[in-house]
Structure formats: C-alpha cells, structure tokens
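Q:
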Amino acid sequence: MNPAGRLGTAAHLAAGLGVLGAAGYAFVAVVGHVFEGPVDAGALNALVSLYMLVNIIGPGIFAALEQETSRAVSAAAARGEPLRPIARRAGVLALWSFGALVAIVLVAWPLVLGRVLEWRTGLLAALLVAIAGSGAVYWARGLLGGQQRFAPYARTLYVEGAVRLLPCLVLLALALEWPSAYGFAFAVGSAIAALSVVATLRLPMPAEAASPPEGMGRSLLYLVGAIALSQLLANLAPVVVTYRSPDDLVSAAVFASTFVLARVPLFLFAPVQAVLLPHVTRAATQGRYGELTRRLWQALALVAGLGLLGVAGCVWLGPWAADFLFNTAHRPSVATLAMLGTATLVMMLALVVQPTLLALGRQRTVTTGWIVGAVVFLVVLVGGPEAIQAALLAQLVGPLVVLAVLLVGVLRALRAVRAGVGASPAAGRR
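Just so we're aligned, residue 10 is where the sequence shown starts under the numbering used here, counting upward by one.
#1: If I'm right that glycine 370 touches valine 411 with Cβ under 8 Å, what's the distance once you round it to whole angstroms?
#2: My assumption, with CB atoms under 8 Å, is that glutamate 75 sits in contact with arginine 150. Please give the rounded CB distance.
#3: Using the Cα positions of arginine 421 and threonine 376, report the straight-line distance between them to the nearest angstrom.
#4: What span of residues does the alpha helix (DSSP H) with arginine 297 cover, start to end?
#5: Can you give me the start and stop residues for the alpha helix (DSSP H) that valine 406 sits inside?
#6: Quick check on proline 91: does DSSP put it in helix, strand or coil?
#7: Out of Glu127, Leu137, Arg98, Arg164, state which residue places its alpha-carbon closest to the alpha-carbon of leucine 115.
#8: What is the DSSP secondary structure of valine 206, counted as helix, strand or coil?
#9: Give the secondary structure of valine 197 by DSSP, where H, G and I count as helix, E and B as strand, and everything else as coil.
#10: Ordered along the chain, which non-local residues of its own chain (more than five positions away) have a Cβ less than 7 Å from that of alanine 330?
#11: So, using beta-carbon positions, are alanine 352 and proline 287 closer together than 7 Å?
#12: Take leucine 416 as the anchor and find which of Trp306, Phe386, Phe71, Leu185 has the nearest alpha-carbon.
#13: Identify the continuous alpha helix (DSSP H) that holds glutamate 186 and give its terminal residues.
#14: State the start and end residues of the unbroken alpha helix (DSSP H) segment that holds tryptophan 128.
#15: What does the alpha-carbon distance come out to for the pair serine 228 and isoleucine 380?
#16: May I have the straight-line CA-CA distance separating alanine 96 from threonine 78, to the nearest angstrom?
#17: Under a Cβ-count criterion, where at least 16 other Cβ atoms within 10 Å of its own Cβ denotes burial, should threonine 130 be classed as buried or exposed?
#18: Once the 5 residues before and after glutamine 157 are set aside, which same chain residues still bring their CB inside 6 Å of it?
#19: Using a Cβ-Cβ distance cut-off of 7 Å, determine whether alanine 72 contacts chain D.
#20: Sorted by chain position, which residues of the same chain lie with C-beta nearer than 8 Å to valine 384's C-beta, five sequence neighbours on each side aside?
#21: Between glycine 142 and serine 83, is the Cβ-Cβ spacing less than 7 Å?
#22: Within this structure, are the beta carbons of alanine 135 and arginine 253 separated by less than 7 Å?
#23: Helix, strand or coil: which one does DSSP assign to proline 328?
#24: So does the stretch 19-30 actually touch the stretch 159-171, counting three or more Cβ pairs closer than 8 Å?
#25: Alpha carbon to alpha carbon, what distance is there between threonine 267 and threonine 251?
#26: Can you grab the Cα-Cα spacing for the pair threonine 294 / arginine 80, in whole Å?
#27: Taking a contact to mean a Cβ-Cβ separation below 7 Å, would you say leucine 390 touches alanine 403 in this structure?
#28: Pick from Arg211, Ala184, Val63: whose alpha carbon is nearest that of valine 197?
#29: Cβ of phenylalanine 71 within 7 Å of Cβ of tyrosine 147?
#30: Give the DSSP-derived three-state secondary structure of proline 161 in the structure shown.
#31: Give the straight-line distance between the Cα atoms of alanine 85 and cysteine 323, rounded to the nearest whole angstrom.
#32: Alpha carbon to alpha carbon, how far is alanine 50 from valine 40?
#33: Which residue's Cα is closest to the Cα of leucine 175: Phe386, Ala368, His21, Gly33?
#34: Could you name the residues of the same chain whose beta carbon sits closer than 6 Å to that of serine 7, not counting the 5 residues immediately before and after it, in chain order?
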C-alpha cells in the first residue's frame with residue numbers, strides 16, 4: 010500500500026473509532042446528567058458498571074477471537090491458502106464462547122453481579138445482548154483485518170457508534186429515566202454493526218475440500234485468557250470501588266467517571282493492533298524478522314509519544330471535562346488524573362508488544378504476562394485499605410508488570426527464531 014493509501018486507511022479507522030468512542034463516552038455523560046444526585050446514584054453506578062462489564066466480558070473474549078482469526082487469515086493469505094475454512098472454524102469458536110459467557114453471567118448474577126447492576130433484570134438482558142453482538146462483530150473484524158480490508162472494518166466502527174449514540178440522545182431528549190432503556194441503547198450497537206458488513210465478506214469457495222487450520226481452538230484459549238485479563242486491568246477498578254464503597258456512592262461515581270475519562274487514549278488506540286497484527290504476521294510467516302522488529306520499535310515510539318500527550322491532556326483538561334461532560338459531584342484531583350493517565354500509557358505500550366508475540370507464535374507468553382500482571386493488580390486492588398487509593402496504585406503496577414514480561418518474551422522469541430530454535434511462527438500455539 011502506498012503512503013497516501015496508508016494515511017487514508019488510518020484516517021478512515023480513526024474517524025470510525027472516533028464515532029464509536031464518542032458514543033461510549035456520550036453514554037456515560039448522558040446517564041451522568043439523567044441520573045444525578047444521591048437519589049439516583051445507584052442507577053448511575055449500575056449503568057456505568059454495565060458499560061465497564063460490556064468492555065470486560067464482550068471484547069475481553071471476542072477481541073481474542075478477532076486477533077486469532079486475523080492472524081490465521083494473514084498467515085493463510087501469505088501462503089496462498091483458502092480462507093473459508095478459517096472463517097467457519099472461527100464462527101464455531103464464537104458460538105462456543107458465547108455459550109460459556111452466558112453461563113458465567115447467569116451463575117455470577119445471584120453471587121455478585123446482581124448487586125453491581127442493582128438487581129435490574131433489564132440490565133442483565135442488555136448485557137447478554139451486548140455479548141451476542143460482540144461475538145458477531147469481532148468475528149467479522151477478524152476476517153476483514155486479516156485481509157487488510159480496513160474500509161469495511163471501519164464501517165463496523167461507524168455503525169456500532171451511531172447505533173449506540175442516537176438512541177441515547179433520543180432518550181435524553183424525551184427526558185426518560187428508565188435505566189434499562191439506556192442499557193439496551195448501548196447494547197444493540199455491536200449486533201447491528203456485524204449485520205452491516207455480512208454481505209461484503211469475501212470468502213470464495215476453495216477449489217477443493219479444505220480442512221480448518223489445526224490449533225485455532227488452543228491458540229484462542231491462550232488469547233482469551235490474555236485479553237480477558239487485559240480488559241479486567243483496563244476496566245475492573247471502578248466496579249470494585251463501587252462494591253467496596255456502599256456508604257460513599259457519590260465518591261465512587263466520581264471515580265468511575267474520572268476513570269472512563271482517563272481511558273480515552275486507550276480506547277482510541279484499539280485499531281493499532283488491528284492494523285499491526287496482519288503486517289507482522291506476514292513478516293513472521295515469510296521469515297522477515299528485521300522488518301518485524303523495525304515495525305515493533307516504530308510502533309512503540311509512536312505510541313509513547315502520543316501517550317505522553319494524552320497524559321498531559323488528561324492533567325490539563327481532565328478536571329474541567331469531568332465536571333462539564335460527566336457532571337461529577339466534584340472535580341477529581343490532578344494527581345488522580347495524572348496517575349490514571351500514566352497507567353493508560355503503560356497499558357498501550359503493552360498492547361503494542363502483544364501482536365509481535367502473536368505473530369511469532371508465542372500466545373503462551375502473552376497469557377503468562379497478563380496472568381502475572383493481573384495477580385499483582387488484584388492483590389493491590391482488593392488488599393488496599395482505602396478503595397480509591399488502592400485502585401490507583403493497582404492500575405499502575407499491574408500494567409508495568411505485564412509490559413516487562415512481554416518485552417522480555419519478545420526479545421527471547423526473536424533470539425530463538427533467528428537461531429532456528431522453536432516452533433514455526435505460523436503454528437501459532439507456542
């Protein structure tokens with residue numbers, strides 16, 4: 010692709026993600042204005058928790074499906090192999106993942122989830138709808154990303170964002186105060202986005218019968234663990250703060266809104282993995298490790314620079330944005346915003362390293378890094394004596410541990426493949 014084409018693709022993805030991001034933050038802003046004050050604090054916390062849970066449970070599982078499908082499609086395309094068997098296998102894995110998630114949610118409802126969602130069955134139903142839609146749209150994005158067809162990929166972002174944004178604005182205009190209605194408005198966007206690109210998927214029938222690639226299921230399990238844990242680190246803290254602060258829901262609500270605000274750069278970063286993974290997978294499949302290494306360091310430098318700008322913006326504009334956009338009961342401190350912004354930057358750096366390990370077939374290393382980081386994160390988050398301070402510290406030290414483990418893993422993997430040691434990167438199961 011020529012430089013003009015790369016810029017056009019980046020702009021298209023950025024615009025689509027901007028719509029989707031605006032919808033997510035508009036949802037939090039709208040419910041913050043509709044359900045304001047101590048009387049409605051419970052409904053507000055339930056809706057913000059739904060927003061967080063959708064980002065943990067849905068993308069936490071199905072972003073793994075997207076990445077594994079994209080990796081398998083990219084590798085097959087580099088070898089000239091048919092793509093339809095990969096799409097079929099990925100679809101089966103999506104259905105199994107959906108069934109497992111439904112079972113987990115239903116079991117968790119009477120134990121802890123009901124309390125978080127204020128025992129509103131309408132929000133439970135909205136959560137299940139969001140999970141189903143996530144499975145469909147991430148399956149489609151995996152196929153499109155692996156083929157480097159980023160125009161229809163971006164379309165799913167536009168549609169998902171628009172379908173989430175417009176109903177929320179209508180509900181706000183009508184002055185309706187039904188928490189479940191806002192929950193469903195947020196939940197249905199993914200399913201509609203998947204339907205918008207079904208007719209454009211290019212999956213020609215192979216000339217002869219072809220079997221689905223071996224190992225996708227095991228590789229997906231590694232990635233499910235890794236990405237679910239990454240989403241847990243990225244989104245769980247406000248849910249735990251709410252759970253630990255039943256007598257101070259106003260402070261918990263301010264922290265939740267501030268937390269969402271500080272996550273803006275992380276959300277805008279999401280398509281970087283979608284674009285980077287096919288390129289590094291093709292380079293690894295064809296043995297071009299110098300190119301792979303160069304792309305990794307370029308991406309790290311770019312994200313570090315943009316992330317530092319994000320931290321500065323968070324500190325400078327954050328207090329005003331929390332007050333004006335999210336209608337918080339009081340302004341968060343600059344120190345809180347600086348710590349959350351720095352934690353977001355570290356998360357972004359870890360997520361840049363991850364596609365290189367996937368391309369080299371080191372899914373197990375990726376999972377190990379997130380497991381170690383999640384253990385540290387949870388110990389600090391739950392064990393700290395004060396809920397909000399513990400959450401701030403956990404958000405920083407957990408991602409730092411992940412980044413360290415993944416960087417060491419990349420260096421070891423590159424040294425091994427250059428020395429001719431270990432499994433082929435195309436195997437994708439190491």
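Where is the CB? At the ideal position from N, CA and C, for every residue including glycine.
A: So, from the listed chains and residues:
#1: Contact annotation, glycine 370 with valine 411: C-beta distance approximately 19 Å; criterion of less than 8 Å not satisfied.
#2: Contact between glutamate 75 and arginine 150 holds, since their C-beta atoms are separated by about 5 Å, short of 8 Å.
#3: Computed Cα separation, rounded: 16 Å.
#4: Membership of arginine 297 in any alpha helix (DSSP H) is not indicated, and neither H nor E is assigned to it by DSSP.
#5: For valine 406, the enclosing alpha helix (DSSP H) covers residues 396-427.
#6: Residue state for proline 91 is assigned as coil, using DSSP reduced to three classes.
#7: Of Glu127, Leu137, Arg98, Arg164, the residue nearest in Cα terms is Leu137.
#8: DSSP places valine 206 in coil when its eight states are reduced to three.
#9: It is coil, neither helix nor strand.
#10: In chain order, Leu270 place their CB closer than 7 Å to the CB of alanine 330, counting only its own chain and leaving out the 5 sequence neighbours on each side.
#11: No; because the gap between Cβ atoms is not below 7 Å, this pair is not in contact.
#12: Leucine 416 has its Cα closest to that of Trp306, out of Trp306, Phe386, Phe71, Leu185.
#13: Counted as a single uninterrupted DSSP element, the stretch harbouring glutamate 186 is not any alpha helix (DSSP H), since DSSP gives it neither H nor E.
#14: Per DSSP, tryptophan 128 belongs to no alpha helix (DSSP H) and is neither H nor E.
#15: For the pair serine 228 and isoleucine 380, the Cα-to-Cα distance works out to about 16 Å.
#16: The straight-line gap separating the alpha-carbon atoms of alanine 96 and threonine 78 is approximately 8 Å.
#17: By the Cβ neighbour-count rule, threonine 130 is exposed, with fewer than 16 other Cβ atoms within 10 Å of its own.
#18: Contacts found: Pro287.
#19: Note that chain D does not occur in the displayed structure, where there is just one protein chain.
#20: Setting aside the 5 residues that flank it on each side, valine 384 has no residue in the same chain whose C-beta is closer than 8 Å to its C-beta.
#21: No, the pair does not count as a contact, with Cβ atoms beyond the cut-off.
#22: With respect to arginine 253, alanine 135 sits apart: the two C-beta atoms are not nearer than 7 Å.
#23: Reduced to three states, the DSSP call for proline 328 is helix.
#24: Yes: at least three Cβ pairs fall under 8 Å.
#25: Between threonine 251 and threonine 267, the C-alpha separation is close to 13 Å.
#26: C-alpha separation (whole angstroms): 10 Å.
#27: Between leucine 390 and alanine 403, the C-beta spacing is below 7 Å.
#28: Per the Cα distances, Val63.
#29: The criterion of a C-beta distance shorter than 7 Å is satisfied by phenylalanine 71 and tyrosine 147.
#30: Proline 161 falls in the helix class under three-state DSSP.
#31: In a straight line, the C-alpha of alanine 85 is about 42 Å away from that of cysteine 323.
#32: The alpha-carbon of alanine 50 is positioned some 10 Å away from that of valine 40.
#33: Of Phe386, Ala368, His21, Gly33, the smallest CA-CA separation from leucine 175 is found for Gly33.
#34: Because the chain in this structure spans residues 10 to 439, residue 7 falls outside the shown range and cannot be described.
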